[in-house]
Amino acid sequence: MGFIPVFIWSFVLWLVLTAGSKGMLWSPEELVAGVVFSGIIAFTTKDIIGEKAARFLNPAKWAGFVVYSIGPLFWGMVKANLDVAYRVITGRIKPGIVRVPVELENDAQYTILSNSITLTPGTLTVDACPEEKALYVHWINVTEKEPANSEVIAGSFEKWARRLGR
């Protein structure tokens, strides 16, 4: 079951990344290369991704990721950029690594939250520890050594990660 969803996901991503490179939508060579590379990726990862790969083919999940990307994630990145610019200009930087407790259930949720935190300037997820239910994050302005929840660093990202990673 894992091969087909991964193949479709990889091929769609290939089509998006190569659209319009030859003046046409796709050249025959691009389509053949997309099928070959998608097949290789699907074959090599079918045992790793397994049965849960089908969730990536759900159009509602795609819509959720689009809403998250152009809404909360984009707004978080704008705020973080302004904050980092302010801190660089004023020199008010107090960097450090903090343990951030999270209430996540699976690897997909940890991945979504970790990547969202890392994408926002001023933060970098150093380690994810599901057994501790925590992330370790390098933060540009440590105000709390161990915050009570992820709201201080991640805003609403954890709520979205829980929803999108089911």
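By UniProt numbering, the letter at position 101 of the sequence shown is numbered 101, and the numbering carries on one by one without gaps. Just so you know, even glycine gets a beta-carbon here, dropped at the ideal spot from N, CA and C.
Check your understanding: residue 16: buried (16+ other C-beta within 10 angstroms of its C-beta) or exposed?
Key -> Within the sequence shown, the letter at position 16 stands for residue 16. It is exposed - the Cβ of residue 16 has fewer than 16 other Cβ atoms within 10 Å.
**Study point:** Short Cβ contact (7 Å threshold) for residue 128 with residue 119
**Key:** Residue mapping note: residue 128 aligns to position 128 of the sequence shown, counting from 1. Residue mapping note: residue 119 aligns to position 119 of the sequence shown, counting from 1. No.
Review point. Between the beta-carbon of residue 121 and the beta-carbon of residue 80, is there less than 7 Å?
Key: Looking up residue 121 in the sequence shown gives position 121. Looking up residue 80 in the sequence shown gives position 80. Yes, they are a contact pair.
Check your understanding: Any idea what DSSP makes of residue 94, helix, strand or coil?
Key -> The count along the sequence shown starts at 1 and reaches residue 94 at position 94. In the structure shown, residue 94 sits in a strand (DSSP, three-state: E or B).
Review point. Cα separation between residue 67 and residue 161?
Key: For the purposes of this step, residue 67 is taken as the residue at position 67 of the sequence shown. For the purposes of this step, residue 161 is taken as the residue at position 161 of the sequence shown. About 13 Å.
**Study point:** Local conformation of residue 101 per DSSP, three classes
**Key:** Walking along the sequence shown from the start, residue 101 turns up at place 101. Reduced to three states, the DSSP call for residue 101 is strand.
Point to revise | residue 138 versus 130, 157 and 94, residue with shortest Cα-Cα distance | key: As a first step, residue 138 is located in the sequence shown; it is residue number 138 there, counting from the start. The residue with the shortest Cα to Cα distance from residue 138 is 94.
Practice item. Let me know if residue 43 comes out buried or exposed under the rule of 16 or more other beta-carbons within 10 Å of its beta-carbon. Key: Looking up residue 43 in the sequence shown gives position 43. The residue is exposed, with fewer than 16 neighbouring Cβ atoms inside 10 Å.
Practice item. Ignore the nearest five residues each way along the sequence and tell me which others in residue 45's own chain have a CB closer than 8 Å to its CB. Key: Translated into the one-based positions of the sequence shown, residue 45 becomes position 45. Within the same chain, residue 45 has close Cβ partners 2 and 6.
Point to revise | Cβ shell of residue 154 (< 6 Å), same chain only, five flanking positions each side left out | key: The residue you call residue 154 lines up with position 154 of the sequence shown. Closer than 6 Å at Cβ, skipping near neighbours: 117.
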